[in-house]
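Please read the structure below before turning to the comments.
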Amino acid sequence: MTILSQVIQYTISGITSGSIYAIIGICWSLVYLITRVLNFATGEFVMLGGMLTWGFHKAGVGVPVAIMLAITFTVVVALIMERVAIRPVRHHSEMTFMLITIASASVIKGIVLLKWGSETRTIKPFFSTEVINVLGAAITSQVLCVIGLLAIVTIGLSLFLNRTIFGKALRASAINLTAARLVGIDINKFRLFCFGLAGGLGAITGIVITPITFTGYEIGLLAGLKGLVAAIVGGWTMIGTVLAAFAIGLLEGFGAGFISAGLKDVFALLVMILFLIFRTTSLSTWLKKESL
Amino acid sequence: MRQKANLPISWILLIAGLMLLPLFIPSSYVLGVMCFIAIYGVLAIGMGLLLEHAGLFSLAHPSWFGLGAYVAGILAARGIVPPWMGIILGAVVVAFISGVIGAPLLRLRGYYLACATFAVLLIVEITLGQLGSITGGHEGLMGIPPLSIGGFVLKTDVHYYFFSWALCLGCLWFLSNLMDSRIGRAIKSFHNSELASKNMGVNIPKLKLEVFVLTAVMASLAGSILCFYLRFTMPSIFGFPLLVEVLTMVVIGGGKTLYGPLLGSFVTVWLRELIHMYLKGILPVMRAEVDAIFFGMLIIVILIFMPGGLAGGIDQLFSLGRKVFARDLDT
Chain A
71 MTILSQVIQY
81 TISGITSGSI
91 YAIIGICWSL
101 VYLITRVLNF
111 ATGEFVMLGG
121 MLTWGFHKAG
131 VGVPVAIMLA
141 ITFTVVVALI
151 MERVAIRPVR
161 HHSEMTFMLI
171 TIASASVIKG
181 IVLLKWGSET
191 RTIKPFFSTE
201 VINVLGAAIT
211 SQVLCVIGLL
221 AIVTIGLSLF
231 LNRTIFGKAL
241 RASAINLTAA
251 RLVGIDINKF
261 RLFCFGLAGG
271 LGAITGIVIT
281 PITFTGYEIG
291 LLAGLKGLVA
301 AIVGGWTMIG
311 TVLAAFAIGL
321 LEGFGAGFIS
331 AGLKDVFALL
341 VMILFLIFRT
351 TSLSTWLKKE
361 SL
Chain B
14 MRQKANLPIS
24 WILLIAGLML
34 LPLFIPSSYV
44 LGVMCFIAIY
54 GVLAIGMGLL
64 LEHAGLFSLA
74 HPSWFGLGAY
84 VAGILAARGI
94 VPPWMGIILG
104 AVVVAFISGV
114 IGAPLLRLRG
124 YYLACATFAV
134 LLIVEITLGQ
144 LGSITGGHEG
154 LMGIPPLSIG
164 GFVLKTDVHY
174 YFFSWALCLG
184 CLWFLSNLMD
194 SRIGRAIKSF
204 HNSELASKNM
214 GVNIPKLKLE
224 VFVLTAVMAS
234 LAGSILCFYL
244 RFTMPSIFGF
254 PLLVEVLTMV
264 VIGGGKTLYG
274 PLLGSFVTVW
284 LRELIHMYLK
294 GILPVMRAEV
304 DAIFFGMLII
314 VILIFMPGGL
324 AGGIDQLFSL
334 GRKVFARDLD
344 T
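These protein sequences, in sequence, are chains A and B. When you read off a place in the first sequence, starting at 1, and then add 70, the result is the number in the numbering used here. When you read off a place in the second sequence, starting at 1, and then add 13, the result is the number in the numbering used here.
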């Protein structure tokens, strides 16, 4: 393999994983901006989508039906989680919410482990298994599916948020919750809706990536966290999240290729830590110290 | 101050009970479980102090626990230093690392601190698994000798029982004194209002870092005792499942009091043993993640219905009793 084709290959894998993290990051921000809950079960929704599709398919249902069932099921799980575990909380502190979502994530993960074991699973690619060659690098049709999904999600969401009255109300309540409530927006309904939407998007992502990255009960944690990194670095906006996710994906692709494949997951986490540190010690405070 | 008068009696009762336990129940199974309770108790007390008293939401403590275990274990297994020295060196290394990492991270607040420390937790777990030549990789580190102090080798569960409970009660005693001192009051003050406590002259960043490092060192001591007790360590012991377990301890026990997490550790560890004993036939796999289903549900139920935890419940009961008792005296 020439160095050029290597670079192209890493770029493709970087963009693929970047698109995945971007959608997951959007799931985090949807929930966080409306409910102020950092939902650590987001990654588990991704895992559920893939595992449920595999499970239904194995039980004898055709792939398209299995996909529909898996998405519905994940949305139901997300709705139950909001209704049963998050809404009844009396002390609305960040810590309580975080403990509860971490606990929910571990419950979902454990139940999947009990039901389907710890082996990695996969489903067939949606279209052909053919490989397209670009300058010595290989692209599968599934990779194009992932990128297409990101395009559909971002365009669809921005149309929904900017053009429909419901979407505008959603944006309004993200900006100012109290004022939104004052003009008669039913916040509880919105919270439920956001959890359901995040669950559905997460499940779809999980299904689309299953033929590429495989799925297993434990993929949720890291996939979810990388989405969170993208959302935080992108400042909780859609464009920022997508850009940050591509940066993280490319960093990971090249890091895995040129440095170490085993430490691949460490890069994204390091980016988050460094970003958070340097965001607090902002440039202006440094300049002030210099002048003193 | 009223609590202080009660303290010695409860301490004497607790210590006497723990001393007598091996006489009445000499089974090594029960003593082994009690060892775990003490070791996890130290970790949980430290995390409870950070979460509820200092308001620092750090999720990285299982990795300090793990690093302590690994440093002591590697040094002892390679025969570089005697085991007791390994425990101390492990604590020194963890103090250094947690200080270096904590200094910039503790400026963060709320969710962001939690996210950053969660990242630290995963990074430590992945790195320990990847450094196969030093740490033994994912299969774990074998060949750790038993703990020996000055020619006395700790072999049986009874030895570890006394050793781990001595550490646990020592930490609890130290922290309860600390929290009654000027430093403790300063810690509580910045949890309530950082602005007010800053104006009273509390050096908040320094104090936060000190509490963070102190609890990290406690976790590392507990971790290194665990590695000598098990004579084996593995990166996945110190990952996400341990975090869920320790959070369960803090939530069940209630972090508002110092002894709460220890109580939580007692309940949680015994609950795990019961699950393993009675559900072995029903559940197809037994793993830390399966226990985490039960722990996760417990966390949710307790946070919704009993936010103060068991210790909060007991305190309420006492204050209710005191009220009833006082009314009787009046009439």
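Note that the Cβ used here is the ideal one computed from N, Cα and C, for glycine as well.
Judging by CA-CA distance, which residue of the options is the nearest neighbour of residue i?
{"i": "G322(B)", "options": "L36(B), Y42(B) and E65(B)", "result": "E65(B)"}
{"i": "F70(B)", "options": "I101(B), M98(B) and V224(B)", "result": "V224(B)"}
{"i": "I139(B)", "options": "I343(A), L339(A) and L346(A)", "result": "L339(A)"}
{"i": "F175(B)", "options": "T228(B), S41(B), L135(B) and F253(B)", "result": "S41(B)"}
{"i": "L271(B)", "options": "R285(B), V133(B), V46(B) and F187(B)", "result": "F187(B)"}
{"i": "V137(B)", "options": "V107(B), G123(B), W97(B) and I162(B)", "result": "V107(B)"}
{"i": "L295(A)", "options": "W98(A), L262(A) and I85(A)", "result": "W98(A)"}
{"i": "V107(A)", "options": "V131(A), S75(A) and M165(A)", "result": "M165(A)"}
{"i": "C264(A)", "options": "M151(A), P158(A) and V131(A)", "result": "M151(A)"}
{"i": "S161(B)", "options": "C48(B), A67(B) and P96(B)", "result": "P96(B)"}
{"i": "I200(B)", "options": "L34(B), A104(B), G294(B) and P218(B)", "result": "P218(B)"}
{"i": "N203(A)", "options": "D335(A), K334(A) and Q76(A)", "result": "Q76(A)"}
{"i": "F110(A)", "options": "A326(A), V312(A), F345(A) and G290(A)", "result": "G290(A)"}
{"i": "S76(B)", "options": "I312(B), T169(B), F279(B) and L255(B)", "result": "L255(B)"}
{"i": "T86(A)", "options": "D256(A), I279(A), F196(A) and W186(A)", "result": "I279(A)"}
Would you report the Cα separation of residue i and residue j, rounded to the nearest angstrom?
{"i": "L362(A)", "j": "Y53(B)", "result": "Here L362(A) scores only 43 on pLDDT, less than 50, and its place in the model should not be relied on; the value that follows carries that caveat. Cα to Cα, L362(A) sits roughly 47 Å from Y53(B)."}
{"i": "M14(B)", "j": "V299(A)", "result": "For M14(B), the predicted structure reports a pLDDT of 41, less than 50, and the residue's modelled location is therefore unreliable. A value from the coordinates is still provided. Cα to Cα, M14(B) sits roughly 46 Å from V299(A)."}
{"i": "S354(A)", "j": "F348(A)", "result": "Note that S354(A) has pLDDT 48, beneath the 50 cutoff, so the model's placement of it is unreliable and the number below is only indicative. S354(A) and F348(A): Cα-Cα distance of roughly 11 Å."}
{"i": "S352(A)", "j": "L271(A)", "result": "At S352(A) the pLDDT is 47, less than 50, meaning the model places this residue with poor confidence; the figure from the coordinates comes in the next sentence. For S352(A) and L271(A), the distance between alpha carbons rounds to 34 Å."}
{"i": "V31(A)", "j": "I282(A)", "result": "Chain A is shown from 71 up to 362; residue 31(A) falls before or after that span and cannot be answered."}
{"i": "E360(A)", "j": "L321(A)", "result": "A caution first: E360(A) carries a pLDDT of 49, below 50, which makes its placement in the model too unreliable to give a value."}
{"i": "L26(B)", "j": "L275(B)", "result": "15 Å"}
{"i": "G334(B)", "j": "G325(B)", "result": "14 Å"}
{"i": "F37(B)", "j": "G79(B)", "result": "33 Å"}
{"i": "G30(B)", "j": "W178(B)", "result": "12 Å"}
{"i": "L287(B)", "j": "L296(B)", "result": "13 Å"}
{"i": "I245(A)", "j": "R244(B)", "result": "54 Å"}
{"i": "T81(A)", "j": "G323(A)", "result": "7 Å"}
{"i": "V154(A)", "j": "L100(A)", "result": "19 Å"}
{"i": "L134(B)", "j": "V337(B)", "result": "47 Å"}
{"i": "G268(B)", "j": "A221(A)", "result": "46 Å"}
{"i": "W124(A)", "j": "I318(A)", "result": "28 Å"}
{"i": "S330(A)", "j": "R157(A)", "result": "43 Å"}
{"i": "P238(B)", "j": "A229(B)", "result": "A small fix is needed here, since residue 238(B) is Ile in this sequence, not Pro. If I take the Cα positions, the gap works out to 14 Å."}
{"i": "I343(A)", "j": "S111(B)", "result": "14 Å"}
{"i": "V46(B)", "j": "R300(B)", "result": "17 Å"}
{"i": "L267(A)", "j": "G99(B)", "result": "51 Å"}
Going by the DSSP bridge assignment, what does residue i pair with across the sheet?
{"i": "R191(A)", "result": "T285(A)"}
{"i": "S161(B)", "result": "V166(B)"}
{"i": "A208(A)", "result": "N203(A)"}
{"i": "L154(B)", "result": "T246(B)"}
Who are the neighbours of residue i on chain B, taking C-beta pairs under 7 Å?
{"i": "V177(A)", "result": "I306, G309 and M310"}
{"i": "M117(A)", "result": "Residues of chain B passing the Cβ test: none, with the nearest at roughly 12 Å."}
{"i": "G332(A)", "result": "Q143"}
{"i": "I90(A)", "result": "Those within 7 Å of I90(A) in chain B number zero; the least Cβ separation is about 18 Å."}
What residues from chain B crowd round residue i, counting only those whose CB sits closer than 9 Å?
{"i": "R153(A)", "result": "Within chain B, no residue comes near R153(A); the closest Cβ sits about 12 Å away, beyond 9 Å."}
{"i": "D335(A)", "result": "L135, I136 and I139"}
{"i": "I347(A)", "result": "P117, L118, R120, L121 and A129"}
Going along chain A, which residues have a C-beta under 7 Å from residue i?
{"i": "G123(B)", "result": "E164"}
{"i": "V166(B)", "result": "None at all; the shortest Cβ gap to chain A is about 37 Å."}
Output, in chain order, the set of chain A residues within a Cβ distance shorter than 9 Å of residue i.
{"i": "T281(B)", "result": "Those do not exist, as T281(B) stays about 13 Å from chain A at its closest Cβ, beyond 9 Å."}
{"i": "V6(B)", "result": "The first residue shown for chain B is 14 and the last is 344, placing residue 6(B) beyond what the model contains."}
{"i": "V113(B)", "result": "In chain order: nothing, as chain A lies at least about 12 Å away."}
{"i": "L260(B)", "result": "L169, I172 and A173"}
{"i": "L276(B)", "result": "None at all; the shortest Cβ gap to chain A is about 18 Å."}
{"i": "P75(B)", "result": "Within 9 Å Cβ-Cβ: nothing; P75(B) doesn't reach chain A, min ~13 Å."}
Which residues in chain A have a C-beta closer than 8 Å to the C-beta of residue i? List them in chain order.
{"i": "R300(B)", "result": "L183 and S188"}
{"i": "F70(B)", "result": "E164, M165 and M168"}
Indicate, with yes or no, if the ligand GDP has a heavy atom lying under 7 Å from the CB of residue i.
{"i": "D304(B)", "result": "The model depicted lacks the ligand GDP and carries no ligand whatsoever."}
Run through chain B and tell me which residues come within less than 8 Å of residue i, C-beta to C-beta.
{"i": "L291(A)", "result": "L135 and F253"}
{"i": "V159(A)", "result": "L316 and I317"}
{"i": "M342(A)", "result": "C128, A129 and A132"}
{"i": "I96(A)", "result": "Simply none; closest approach about 17 Å."}
* **Where the region 165 to 199 of chain A meets chain B: residues whose CB sits under 8 Å from a CB there** => M165, T166, M168, L169, I170, I172, A173, S174, A175, S176, V177, K179, G180, I181, L183, L184, G187 and S188
Could you please tell me which residues of the region 94 to 106 of chain B, in chain order, have their CB closer than 7 Å to any CB of chain A?
none
- Query: When Cβ atoms are compared, which residues of the region 100 to 117 of chain A fall closer than 8 Å to chain B?
  - Reply: L108
(request) Mind checking the region 298 to 326 of chain A against chain B and listing, in chain order, the residues whose C-beta falls within less than 7 Å of any C-beta there? (result) L298 and I302
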